[in-house]
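See structure below.
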Amino acid sequence: SQQGEEDPQALSIQEGENATMNCSYKTSINNLQWYRQNSGRGLVHLILIRSNEREKHSGRLRVTLDTSKKSSSLLITASRAADTASYFCATDTQGGSEKLVFGKGTKLTVNP
Amino acid sequence: DTGVSQNPRHKITKRGQNVTFRCDPISEHNRLYWYRQTLGQGPEFLTYFQNEAQLEKSRLLSDRFSAERPKGSFSTLEIQRTEQGDSAMYLCASSHRGTGTEAFFGQGTRLTVV
Numbered sequence: 022s023q024q025g026e027e028d029p030q031a032l033s034i035q036e037g038e039n040a041t042m043n044c045s046y047k048t049s050i051n052n053l054q055w056y057r058q059n060s061g062r063g064l065v066h067l068i069l070i071r072s073n074e075r076e077k078h079s080g081r082l083r084v085t086l087d088t089s090k091k092s093s094s095l096l097i098t099a100s101r102a103a104d105t106a107s108y109f110c111a112t113d114t115q116g117g118s119e120k121l122v123f124g125k126g127t128k129l130t131v132n133p
Numbered sequence: 007d008t009g010v011s012q013n014p015r016h017k018i019t020k021r022g023q024n025v026t027f028r029c030d031p032i033s034e035h036n037r038l039y040w041y042r043q044t045l046g047q048g049p050e051f052l053t054y055f056q057n058e059a060q061l062e063k064s065r066l067l068s069d070r071f072s073a074e075r076p077k078g079s080f081s082t083l084e085i086q087r088t089e090q091g092d093s094a095m096y097l098c099a100s101s102h103r104g105t106g107t108e109a110f111f112g113q114g115t116r117l118t119v120v
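Order-wise, the sequence lines are chains A and B. Mapping the first sequence onto our numbering, position 52 (from 1) lands on 73, and the numbers just tick up by one. Mapping the second sequence onto our numbering, position 89 (from 1) lands on 95, and the numbers just tick up by one.
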C-alpha cells in the first residue's frame with residue numbers, strides 16, 4: 022500500500038509562477054524525499070529532509086516537514102516549462118526496512 | 007554514462023511467456039532496489055539487495071517473480087508465466103548507504119503483456 026498522498030493530483034500554472042505541492046504520510050519516518058519523473062522516464066532525486074529538520078532549500082526548491090502533522094510541502098519558485106513533470110514524495114519506514122514508500126504524485130504542468 | 011542502466015527499455019510479451027530484465031547499478035553502490043509502477047501511481051517496492059544478499063521482499067513479489075544479484079553487481083528480475091496484470095514499468099534503483107541517502111533510478115523497463 023502507498024503511504025504518501027500528494028495534493029493536488031494535478032497542477033497547471035504559468036511560467037514564472039510558484040508551484041506548491043503537498044504530501045501527507047501515515048507512519049513515523051526517519052526522512053522524506055522528493056523525486057521528479059518526466060513522462061515515461063525514471064525518477065530523479067530532488068531533495069531529502071530528515072525528521073529533525075523543518076525546512077530545507079536547494080536552488081529553486083524549498084521543502085518543509087511537519088512531523089506532528091505528518092506532512093511535507095515542496096515549493097518550486099519561478100517555475101519553468103522544463104519543470105513540467107510528476108512529483109512524488111517518498112518516505113522510509115522506521116524499523117529497519119530499506120524500502121521507500123511513494124505517494125501517487127502530483128502532475129505539474131508549466132505553461133510557457 | 008555512470009548512471010543506473012536497465013535493459014531492455016521496452017518489452018512486449020504474450021501472456022504465459024517468461025521475461026527477464028537486467029539492471030546495472032552505479033558501480034560503487036552496494037544497495038539495489040526493484041520497484042514497479044503502474045499508470046497514474048507511484049512506484050511500489052518489490053525487493054532489495056545489499057551486495058548479493060536479497061534482504062527484503064514485498065508481498066507483491068509473488069512466486070512467479072524472482073530476482074537475483076550474483077556477485078553483488080548487476081541484477082536480474084524474472085517474471086514467469088506473465089499475466090496481463092504484470093504490465094507495468096519496472097524500475098531499478100541503487101544507493102550507497104540506504105534510505106538515508108538518495109536513490110538513483112534507471113530509466114525503467116516498460117513491460118506490456120498482450
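C-beta atoms are modelled at their ideal positions from N, C-alpha and C, and glycine is treated no differently. In this text the structure is predicted, and so the values were computed from the model without any measurement.
In whole angstroms, what is the alpha-carbon distance linking S22/A and R101/A? As a working mapping, residue 22/A is identified with position 1 in the first sequence. As a working mapping, residue 101/A is identified with position 80 in the first sequence. Note that S22/A scores a pLDDT of 46, beneath 50, so its modelled location is shaky; the value from the coordinates is reported in the next line. For S22/A and R101/A, the distance between alpha carbons rounds to 33 Å.
Count the other C-beta atoms from every protein chain shown that fall within 10 angstroms of the C-beta of S107/A, then say buried if there are 16 or more, exposed otherwise. The residue you call residue 107/A lines up with position 86 of the first sequence. Here S107/A is buried. Its C-beta has 16 or more other C-beta atoms within 10 Å.
Note down, in chain order, every chain B residue with its Cβ under 9 Å from the Cβ of Q35/A. Translated into positions along the first sequence, residue 35/A becomes position 14. Chain B residues near Q35/A: none, gap ~25 Å exceeds 9 Å.
What did DSSP end up calling S22/A once you bin it into helix, strand or coil? Numbered from its first residue, the first sequence carries residue 22/A at position 1. Because the pLDDT at S22/A is just 46, under 50, the model does not fix this residue reliably, and the value given afterwards should be weighed accordingly. S22/A falls in the coil class under three-state DSSP.
For L38/B, list the residues DSSP reports as bridge partners. In the second sequence, residue 38/B corresponds to position 32, counting from 1. Note: L38/B sits in a beta bridge opposite F55/B and S100/B.
To which residues of the same chain is L66/B closer than 8 Å at the C-beta, ignoring the five residues directly before and after it? Walking along the second sequence from the start, residue 66/B turns up at place 60. Around L66/B: R42, E50, F51 and L52.
Distance, Cα to Cα, N13/B vs F27/B? In the second sequence, residue 13/B corresponds to position 7, counting from 1. In the second sequence, residue 27/B corresponds to position 21, counting from 1. Cα atoms of N13/B and F27/B: separation of roughly 6 Å, rounded to the nearest angstrom.
Is any non-hydrogen atom of the ligand PLP found closer than 7 Å to the C-beta of S60/A, if you look at the structure I gave you? The ligand PLP is not part of the structure shown, which contains no ligands of any sort.
Can you grab the Cα-Cα spacing for the pair A103/A / V131/A, in whole Å? The count along the first sequence starts at 1 and reaches residue 103/A at position 82. The count along the first sequence starts at 1 and reaches residue 131/A at position 110. Computed Cα separation, rounded: 8 Å.
Alpha carbon to alpha carbon, how far is N43/A from P31/B? Looking up residue 43/A in the first sequence gives position 22. Looking up residue 31/B in the second sequence gives position 25. Roughly 31 Å between the two C-alpha positions.
Between which two residues does the beta strand (DSSP E) containing I85/B stretch? Numbered from 1 along the second sequence, position 79 holds the residue referred to as residue 85/B. That run of the beta strand (DSSP E) goes S81 to I85.
Around the C-beta of I18/B, are 16 or more other C-beta atoms found within 10 angstroms, so that it is buried, or is it exposed? For the purposes of this step, residue 18/B is identified with residue 12 of the second sequence, where counting begins at 1. So I18/B ends up on the exposed side.
Does any residue of chain B have a CB that is nearer than 8 Å to the CB of P29/A? Locating residue 29/A in the first sequence gives position 8, counting from the first residue. P29/A does not count as touching chain B.
Consider the Cβ of Q54/A: report whether some Cβ of chain B lies at a distance smaller than 8 Å. Stepping through the first sequence from its first residue, residue 54/A is reached at position 33. Yes - at least one Cβ of chain B is within 8 Å of the one on Q54/A.
Option in L96/A, H66/A, N59/A and R71/A with minimal Cα separation from G106/B: Residue numbering aside, residue 106/B sits at position 100 when the second sequence is read from its first letter. Nearest C-alpha to G106/B: R71/A.
Residues of its chain near I97/A, where Cβ-Cβ distance is below 7 Å and the 5 sequence neighbours each way are ignored: As a working mapping, residue 97/A is identified with position 76 in the first sequence. The residues are N39, A40, R81, L82 and D104.
Against chain A, with Cβ distances strictly below 8 Å, would L83/B count as a contact? Counting from 1 along the second sequence, the entry for residue 83/B is found at position 77. So, not an interface residue.
Within its chain, find whatever has a CB closer than 6 Å to the CB of Y39/B; leave out the 5 residues flanking it on each side and keep chain order. Translated into the one-based positions of the second sequence, residue 39/B becomes position 33. For Y39/B, where only same-chain residues beyond five positions count, the Cβ hits under 6 Å are Y54 and A99.
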